[in-house]
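Working notes, structure below.
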Amino acid sequence: MAYLIDEHKLSKVYLKSYHTIGRYKFNVDTLIDQPGVSRHHAIIELAQGKWLIRDVSTNGIWINDKKIDKNLPYQLCENDKLDFAAPGQNSFVVANLNTQCQFLVSQSDNQQVIEISDQLLLPDGDNPTHIIYYDQMLNYWFLEDLNTSDRQALIDGGLVNAFNNQWVFYSAGTAAMTKHLERLPSVKPCGLSFSVSQDEEATQLSVNLDGNTIDLGVRSHHYLLLLLARLRIQDKDDGLEQEQQGWIYREDLIKALGVQMNHMNIMVHRARKQLTDAGGEAYPELGYLIETSNGKLRLNSQDITIIKGHKLETRMSL
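Reading the sequence shown from the start, the letters are residues 1 to 318 in UniProt numbering.
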């Protein structure tokens, strides 16, 4: 388990693979409600097996009494002391930096932790009611009710209701949502056709692959894909290289969507699940149309058509 120790509260702060810290209580993972702390002050993320911290604040971050440069990643080490906004204030100690871990933390008692290293029967192996397991195809952990076969995806930092309690799921390592690009399968070239209403309240999506058209209907999460598509087209028009096109940090995407981080993660999950289900056995790689890397996302398509109202808004082709 990766976590910090809050020196003031003497409590553990468990780290998501992409973790935000600041004073904006509605949109950060760890709240520091103190003068001088920015609304979004710091980002801690797991990248290529290392835990990195990035200062995105006004008043800075000190590590072991030395101020770090703004917007540059700094690798954390165990026993590092972190001060936010001023030296010796809002202090945390890096206690554990495990890079291969999954666990559930109780919302009512953060000392109640369920560690998950493999398939796990809950509440115990003798009289289980649920099972937690990893789906290799979808790249997600799931919690399944053994009585009803209902299952829910466990999203890094997401809330889970089970055993008359509410839990937060944390995941780090290769099974995390931010799986690195080099581990993802290649996606066949496919065309995406968006049809968005004039008021942008409804977005329909079709996928064209190998001469076949898959109608994915109208879904709320298609608007997230539409924003990613527009960004990719804009970057190409601006002359960016293909590998640089379309990337956006999660915190910037939630601002564009006007939602909270957890809501956006759910939208990403629903989009991936719909694409995976639509692809089936013929096109299983459709679930990887959303690429993720180091806290950023982009749409993995270079053939995009956007119709707004009844007029062509823009088109990007191979």
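Ideal placement from N, C-alpha and C gives every residue a C-beta, glycine not left out.
By the criterion of a C-beta distance shorter than 8 Å, G49 is surrounded in its chain by T99, once the five residues flanking it on both sides are discounted. Fully enclosed beta strand (DSSP E) runs of no fewer than 3 residues occupy 151–154, 159–162, 165–172, 191–196, 203–209 and 212–218 of the region 143–231, in order along the chain. Membership of R298 in any alpha helix (DSSP H) is not indicated; the residue belongs instead to the beta strand (DSSP E) covering K296 to L299.
Beta-bridge pairing by DSSP links S317 to no other residue. Cα atoms of S220 and N212: separation of roughly 24 Å, rounded to the nearest angstrom. Partner residues in the beta bridge of R54, as assigned by DSSP, are I43.
Q260 is bridged by DSSP to nothing; it lacks a bridge partner. The C-alpha of F194 lies about 43 Å from the C-alpha of L4. In the structure shown, the three-state DSSP call for Q89 is coil. Our two residues, I131 and S117, have alpha carbons roughly 13 Å apart in a direct line.
For K25, the closest alpha carbon among the candidates E281, Y283 and Q260 is that of Q260.
A153 sits buried, since 16 or more C-beta atoms from the chains shown fall within 10 Å of its C-beta. With a threshold of 16 other beta carbon atoms within 10 Å, D69 falls short and is exposed.
Within the same chain, and ignoring the five residues on either side of D303 in sequence, the residues whose Cβ sits closer than 8 Å to its Cβ are P189, C190, G191, L192, N208, M316, S317 and L318. Residues of the same chain with a CB within less than 6 Å of the CB of Q245, apart from the 5 flanking positions on each side, are R232, D235 and K236 in chain order. Cβ neighbours of N27 within its own chain (closer than 6 Å, five residues either side excluded): Q260. With contacts defined by Cβ atoms closer than 8 Å, N59 and A42 do not form a contacting pair. Between L225 and L299, the gap from beta carbon to beta carbon is short of 8 Å.
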